[in-house]
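Below is one structure; the comments refer to it alone.
In the working numbering, the protein residues as written are 71 to 195.
Here's what the structure looks like:
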């Protein structure tokens, strides 16, 4: 995996249950709907949302940030899709990637409320 070696980063990962791929601007509608439906569920673990959190403009800013972190190797954002029907069910990101002797990163993930307790988070991580 690219996190631990100098190989090019993987652009898609998959298992029997889930498929991970970098977010796309085309994912906005599915993402906004899932985030809205999951707000109460995810709020204990997330920072307070900005008033424009679910707008298309905020999503575009998010995509620019994701693209920049992927390009400079500081982060690898992935959306999580259910393998059987390609439905967006959450996200899993490697953030704050540190190279050199330490070789470390932080992981963040969330699964939308309709899909919790089915093993998807474990499969994604």
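For every residue, glycine included, the Cβ atom is placed at its ideal position computed from N, Cα and C.
Cβ-Cβ distance between residue i and residue j below 9 Å
{"i": "residue 97", "j": "residue 149", "result": "yes"}
{"i": "residue 161", "j": "residue 168", "result": "no"}
{"i": "residue 129", "j": "residue 102", "result": "yes"}
{"i": "residue 90", "j": "residue 151", "result": "yes"}
{"i": "residue 181", "j": "residue 159", "result": "yes"}
{"i": "residue 112", "j": "residue 183", "result": "yes"}
{"i": "residue 118", "j": "residue 105", "result": "no"}
Three-state secondary structure assigned by DSSP to residue i
{"i": "residue 180", "result": "strand"}
{"i": "residue 168", "result": "strand"}
{"i": "residue 189", "result": "coil"}
Anticipated Cβ contact below 8 Å, residue i with residue j, distance rounded
{"i": "residue 153", "j": "residue 84", "result": "7 Å"}
{"i": "residue 146", "j": "residue 166", "result": "Between residue 166 and residue 146 the Cβ distance is about 11 Å, and since that is not below 8 Å, they are no contact."}
{"i": "residue 88", "j": "residue 190", "result": "6 Å"}
{"i": "residue 81", "j": "residue 93", "result": "Actually they do not touch by this definition, with Cβ atoms about 12 Å apart."}
Residues that residue i bridges to, as DSSP identifies them
{"i": "residue 174", "result": "168"}
Every unbroken beta strand (DSSP E) within the segment 85 to 165, with a cutoff of 3 residues, ordered by chain: Taking only runs of at least 3 residues, the beta strand (DSSP E) segments lying wholly in the segment 85 to 165 are 88 to 91 and 146 to 152.
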